[in-house]
Each structure stands twice: as C-alpha cells, then as structure tokens.
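Read through the structure below, which is laid out as structure tokens, and then see the notes.
What follows is the structure, given as structure tokens:
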C-alpha cells in the first residue's frame, strides 16, 4: 500500500497497487493500470514523497518517480514474461474498464529513503 498526499486537498490518501518488479532491496516498480489520469499518479507528480507498506515494512518513507515510456515498456515486457497468467488477468480488467487495448502502462519507481 502507498500513502500519498492529495495535490489539491493536502490530505493523506492510500492506494493498493501492483508491484511489477523489485529490482533491489530498497526499490520497487509499480504500475498505473488506469494510466496517467489515475488520481494517485497525478498526486505523486505534485509531491513525490510517499510512505509504503510492503511485506513486513510499515510506513517506510520513499520517493516516487515516474519512469520514462521506454523504461515502462521494458518493465512491462519483463512482467509479462515473468507473470503471463497474472498479466492476462490484469490486461483483461484494464481493457474492460477503459475500453481500450493496453499497449503500454505508466510505471513508477519507488525508492526507500
């Protein structure tokens, strides 16, 4: 789970997200299944300071950085190779909800501080 700050309200917000990669002990990659219009995604663009609840870690400060389109495409390709069944399900949910095919998805790198 990620705690982020509302860009206009300043209120704490919480969202449960899909971790698509864990490239290092202090780094995670998450996906915005509903694109750049997702409220949490817009909020982290305004304030990149977040807190994470992952595994046994609780309320750990982190920095959220949107990845480039090329980095996101590479991360998505890796996820698809490693988790083909999960990807089929996730893709179906996203396409049903958005009415559009999934070519790429915005990804965010979370680095624990």
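In the working numbering, the protein residues as written are 77 to 189. In this text, a Cβ means the ideal position worked out from N, Cα and C, and glycines have one as well.
Selected residue, minimal CA-CA separation from residue i, among the options
i           : options            : result
residue 158 : 91, 93, 97         : 97
residue 125 : 112, 110, 142, 163 : 142
residue 106 : 161, 149, 176      : 149
residue 116 : 86, 100, 131, 102  : 86
residue 108 : 170, 165, 129, 146 : 170
residue 101 : 161, 183, 138      : 138
residue 147 : 111, 90, 180       : 180
Cβ pair residue i, residue j closer than 8 Å
i           : j           : result
residue 92  : residue 77  : yes
residue 135 : residue 127 : yes
residue 122 : residue 83  : yes
residue 178 : residue 167 : yes
residue 130 : residue 104 : yes
Residue i (DSSP reduced to helix, strand or coil)
i           : result
residue 83  : coil
residue 30  : With the chain covering 77 to 189 only, the question about residue 30 has no answer from this structure.
residue 189 : coil
Residue i - partner residues in DSSP beta bridges
i           : result
residue 184 : 106, 142
residue 78  : 91, 128
Counting only runs that start and end within the stretch 86-150, where is the alpha helix (DSSP H) found for 4 or more residues in a row? Secondary structure remark: continuous alpha helix (DSSP H) runs of at least 4 residues inside the stretch 86-150, in chain order: 115-122.
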